[in-house]
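Residue numbers (the working numbering): 5 to 176.
Backbone N, C-alpha and C define an ideal beta-carbon position, used for all residues, glycine too.
To start, the structure under review is shown below, and the notes come after it.
Have a look at this one:
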């Protein structure tokens, strides 16, 4: 605040991902991304047709994804319980710094897009399309936590972006 008082405290728990061991703490970290060779034709087609582009960066993408593995963390120094210093926390959801966080996000966004009626290309797994009419196509290209969205109708792009925000925060 302007008078120097603290309105609220904020903290972020960041995992020491560099200490994780493959095969012990995680099995798979790979998160497929759209290739540049795919983005070029998508942008060419959209530019030729006069479609607009929207780019989304999902800020909370690596937080709270459900973990498939058992992951444990030491107690944060501020929250250590006296007499129980040797105990650890079992984490159920991903956090910043986890090596498997991009993979858990990828599973979530893939599940969401498939639920929304998108089709995935077999030759390029990170390109999703949904057609409401033969001439109207919504294209989503996924690059880790960034989405490139294009469509002929600007209003429907904004509607889809709102749908992403509302639904993805509840998939956590």
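Item: Taking residue 66 as the reference, which of 92, 41, 113, 137 has the closest Cα?; Value: 113
Item: Given that a residue counts as buried once 16 or more other Cβ atoms are within 10 Å of its Cβ, and exposed if not, what is residue 155?; Value: buried
Item: Using DSSP bridges, identify the partner residues of residue 120.; Value: Residue 120 is not bridged to any residue.
Item: Are there 16 or more other CB atoms within 10 angstroms of the CB of residue 143, so buried, or fewer, so exposed?; Value: buried
Item: Could you compute how far the alpha carbon of residue 152 sits from the alpha carbon of residue 36?; Value: 15 angstroms
Item: Beta-carbon within less than 7 angstroms of residue 190's beta-carbon, same chain only, minus the 5 sequence neighbours each way: which residues are those?; Value: Residue 190 lies beyond the residue range present for the chain, which begins at 5 and ends at 176; the question has no answer from this structure.
Item: Thinking residue 94 and residue 73 are a contact (beta carbons under 8 angstroms), I'd like their distance in whole angstroms, please.; Value: So it is not a contact: roughly 11 angstroms between Cβ atoms.
Item: Could you spell out where the alpha helix (DSSP H) holding residue 52 opens and where it closes?; Value: 40-53
Item: From residue 175 to residue 105, what does the alpha carbon distance come to, in whole angstroms?; Value: Model confidence at residue 175 stands at a pLDDT of 49, short of 50, so the residue's coordinates are unreliable and nothing is read from them.
Item: Considering only C-alpha positions, which residue in the set 158, 87, 120, 131 is nearest to residue 171?; Value: 120
Item: Going by the CB atoms, is the gap between residue 167 and residue 42 shorter than 8 angstroms?; Value: no
Item: Would residue 108 and residue 69 qualify as a contact pair, given that the criterion is a beta-carbon distance under 8 angstroms?; Value: yes
Item: Would you identify the three-state DSSP class for residue 175, choosing helix, strand or coil?; Value: Low confidence applies here, because residue 175 scores a pLDDT of 49, under 50, leaving its location unreliable; read the following figure in that light. DSSP places residue 175 in coil when its eight states are reduced to three.
Item: Check whether the Cβ of residue 9 sits closer than 7 angstroms to any heavy atom of the ligand ADP, and report yes or no.; Value: Among the ligands in the structure shown, none appear at all, so the ligand ADP cannot be discussed.
Item: Would you report the Cα separation of residue 96 and residue 71, rounded to the nearest angstrom?; Value: 6 angstroms
Item: Mapping DSSP to helix, strand and coil, what is residue 3?; Value: Examination of residue 3 is not possible in this model, given that the chain is present from 5 through 176 alone.
Item: Distance, Cα to Cα, residue 137 vs residue 161?; Value: 15 angstroms
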